[in-house]
Amino acid sequence: MNPKIIDGKSIAQTLCDDVKQATTAFIAESGIVPRLDVIIVGEDPASRVYVANKQKRAESIGFKGGITRLPVTTSQADLLAAIREKNADPAVHGILVQLPLPAHIDEHLVIQTIAAHKDVDGFHFDNVARLATGTGGGYAPCTPAGCMHLLRTVEPKLDGAHAVVVGRSNIVGKPMGALLLAANCTVTMAHSRTKDLADMCRSADVLVAAVGRPEMLPGDWVKKDAIVIDVGINRTSEGRLVGDVHFDSAIANARAITPVPGGVGPMTIAFLMANTLDAAQKATATQAAA
Ligand code: GUN
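Note that our numbering has the sequence shown beginning at 12, numbered continuously upward.
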């Protein structure tokens, strides 16, 4: 019997240990050190913490790379130039531009400028299309990939389950829907305009909350024995960190549920590390074949 609270921190640690071991072997074999370059524009405090955590983890695994911190006034042209420089550098295997970007910069253009094979975030059209069509060979976005991994620790057989995803962002909601569909779930994409959201959630065997609103989903929206994946990380006015689901009431109904913090959050970084190693391995294999 799985524990009811899904321990994302320890599951992510196991994944990172595996990536570290595989990285050590890859470096020994190829002499190449995987490199992840992260770009952040502006001073958003949450983004700065996320980026620092990614960098710390990358270092602990043995990757090269670092953070390029650009001022909030950086022009779009300068940001695109910085990306193109990294695209052209064969020593760089993964590029991540932290989102959101300042309003004067076109986020879509920035993402499409990153070379698809270095887009370890999985946001480039090429990677999105590979995921949507089931073509494979690309990168799935790290947060939904992490959610799928957590789900499978509880229930490896997701065939036919009704999965309800609340939230339709490009970073989480939409790719989450694609991954659940690929796992043979019957997927409902719900959002702020969904009618009877409570009843919709109550029909879910798998409920994924990715709306970014503190404790918006109360426990009585959770079907008995549903698996609940809470992607939200919200700070309340009293300074508490909470998810999109009201954890204390939801846990009574759920078969398993992710906590906040310590659920989905650490998984995002673990999959970023796995994607970066994969990018380095693929780049090296491509160079060897050329
Ligand atoms: N902002 C919030 N989540 C993410 C993410 O997974 N990747 C990037 N690049 N920015 C984010």
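Every residue gets a Cβ at the ideal spot worked out from N, C-alpha and C, and that includes glycine.
Check                                                                                            : Outcome
DSSP state of I10 mapped onto helix, strand, coil                                                : The shown model of the chain, from 12 to 301, leaves out residue 10, and the question about it has no answer.
Contact between the stretch 148-157 and the stretch 122-140 (3+ Cβ pairs under 8 Å)              : yes
Contact between the stretch 37-48 and the stretch 98-117 (3+ Cβ pairs under 8 Å)                 : yes
Alpha-carbon to alpha-carbon, C196 and P272                                                      : 27 Å
Cβ-heavy atom distance, T279 to ligand 1, below 7 Å                                              : yes
Opposing strand residues paired with N286 [DSSP bridges]                                         : DSSP output for N286 lists no bridge partner at all.
Near ligand 1: V139 beta-carbon under 7 Å from a heavy atom                                      : no
Bounding residues of the alpha helix (DSSP H) (the contiguous stretch that carries D117)         : Looking at the DSSP string, D117 is not in any alpha helix (DSSP H), and its letter there is neither H nor E.
Buried versus exposed, by CB contacts within 10 Å (16 or more), F136                             : exposed
Three-state secondary structure (DSSP) of K75                                                    : strand
Span of the alpha helix (DSSP H) around D236                                                     : Where D236 is concerned, there is no enclosing alpha helix (DSSP H), given that its DSSP letter is neither H nor E.
Segments assigned beta strand (DSSP E), at least 3 residues, entirely inside the stretch 164-190 : 173-177
Extent of the continuous beta strand (DSSP E) to which I51 belongs                               : R46 to V52
Any non-hydrogen atom of ligand 1 within 7 Å of T154 CB                                          : yes
Any 3 or more C-beta pairs closer than 8 Å across the stretch 162-181 and the stretch 200-211    : yes
8 Å contact criterion, which G243 and D255 should meet: CB distance rounded                      : 3 Å
C-beta contact flag for K67 and I262 at 8 Å                                                      : no
DSSP beta-bridge partners of T197                                                                : H173
Distance CB(R266)-CB(A300) smaller than 8 Å                                                      : no
For N245: DSSP bridge partner residues                                                           : V253
Collapsed DSSP secondary structure at G105 in the structure displayed                            : strand
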